[in-house]
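Peer 1:
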Amino acid sequence: MVEAKFAWSPRNHMKTMSHTPLNTILEANKFDGTNYSNWLRNLRIVLDFENQTYILDKSLPQTLLEGFLPVERLTFDKFTQWHEDNQKIHNIVLSTMSNEIQKQYERYEDDWSIMYRMKELHAVPDRHIRYAMTKAFFGVRIIKRSSVQEHGVMMLSLVEKLKDL
Numbered sequence: 005m006v007e008a009k010f011a012w013s014p015r016n017h018m019k020t021m022s023h024t025p026l027n028t029i030l031e032a033n034k035f036d037g038t039n040y041s042n043w044l045r046n047l048r049i050v051l052d053f054e055n056q057t058y059i060l061d062k063s064l065p066q067t068l069l070e071g072f073l074p075v076e077r078l079t080f081d082k083f084t085q086w087h088e089d090n091q092k093i094h095n096i097v098l099s100t101m102s103n104e105i106q107k108q109y110e111r112y113e114d115d116w117s118i119m120y121r122m123k124e125l126h127a128v129p130d131r132h133i134r135y136a137m138t139k140a141f142f143g144v145r146i147i148k149r150s151s152v153q154e155h156g157v158m159m160l161s162l163v164e165k166l167k168d169l
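The opening residue of the sequence shown carries number 5 in this note's numbering; numbering runs sequentially from there.
#1: What residues in its chain sit with their C-beta under 7 Å from that of K165, if we drop five residues either side in the sequence?
#2: Considering only residues of the same chain and omitting the five flanking positions on each side of L51, which have a CB-CB separation below 6 Å?
#3: So the candidates are I118, F83, L162; which of them puts its Cα closest to the Cα of I96?
#4: Find out if the Cβ-Cβ distance for the pair D36, I59 is shorter than 8 Å.
#5: Report all residues from its chain with a CB closer than 7 Å to the CB of M159; omit the five preceding and five following residues, and keep chain order.
#6: Give me the Cα-Cα distance between W86 and S161, rounded to the nearest whole angstrom.
#7: Please state if the CB of N46 and the CB of N33 are separated by a distance shorter than 8 Å.
#8: Apart from the five residues just before and just after D115, which ones in its own chain have a Cβ nearer than 7 Å to its Cβ?
#9: Buried or exposed: L30, going by 16 or more other Cβ atoms within 10 Å of its Cβ?
#10: Does the beta-carbon of T38 have 16 or more other beta-carbons within 10 angstroms, so that it is buried, or is it exposed?
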């Protein structure tokens, strides 16, 4: 008896995810070149649900044993799993982009390379964010006859945002 093997595709994957709200997150927030941080946050939510964010964070291992310490050596199963997960996530990442942007990134083999390039092109540099947050923090003045509690809450939220940077 011959088993039919079906190739993985983003559309088939989305069908398996249709029972979760994750499907709508990906469909509603496609990357269009202007919404990088929102798109990345939503993509990480979905991949975290599937325990596959490691694909975005670490480059794809090219060899099984070379260049690794004995403790870090990959087993064949882990190596194969990494490549399978990369292909699956690669299709998800591409399917969450507009058609024009898909064409720019479809030649990349692994998602880490895509994410690295997208960060270079679309992410706001951290120093700009730190500067804007610091400027906002030091520029805040309490308004006469306003609530000290509201001012304190606003200052604490700015401190938390600065701490997160």
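Glycine included, each C-beta is placed from N, C-alpha and C at the ideal position.
Here the structure is a predicted model, which means the values were calculated and not measured.
Peer 2: Put simply:
#1: As a working note, residue 165 is residue 161 in the sequence shown. Excluding sequence neighbours, K165 sits near M137.
#2: Residue 51 sits at position 47 when you count from the first residue of the sequence shown. So the qualifying residues of the chain are T57.
#3: Residue mapping note: residue 96 aligns to position 92 of the sequence shown, counting from 1. Answer by Cα proximity: I118.
#4: Walking along the sequence shown from the start, residue 36 turns up at place 32. Walking along the sequence shown from the start, residue 59 turns up at place 55. Not closer than 8 Å, so no.
#5: As a first step, residue 159 is located in the sequence shown; it is residue number 155 there, counting from the start. Here the set comprises V144.
#6: Translated into positions along the sequence shown, residue 86 becomes position 82. Translated into positions along the sequence shown, residue 161 becomes position 157. Rounded to whole angstroms, W86 to S161 spans 39 Å at the Cα level.
#7: In the sequence shown, counting from the first residue as 1, residue 33 sits at position 29. In the sequence shown, counting from the first residue as 1, residue 46 sits at position 42. Taking 8 Å as the Cβ cut-off, N33 and N46 qualify as a contacting pair.
#8: Here the question's residue 115 lines up with position 111 in the sequence shown. Closer than 7 Å at the Cβ level, and outside the excluded window around D115, lie I59, L60, N90, I93, H94, V97.
#9: Taking the first residue of the sequence shown as 1, we reach residue 30 at position 26. Buried, by the Cβ-count rule.
#10: Numbered from its first residue, the sequence shown carries residue 38 at position 34. Classification of T38: exposed, given that the 10 Å Cβ count is below 16.
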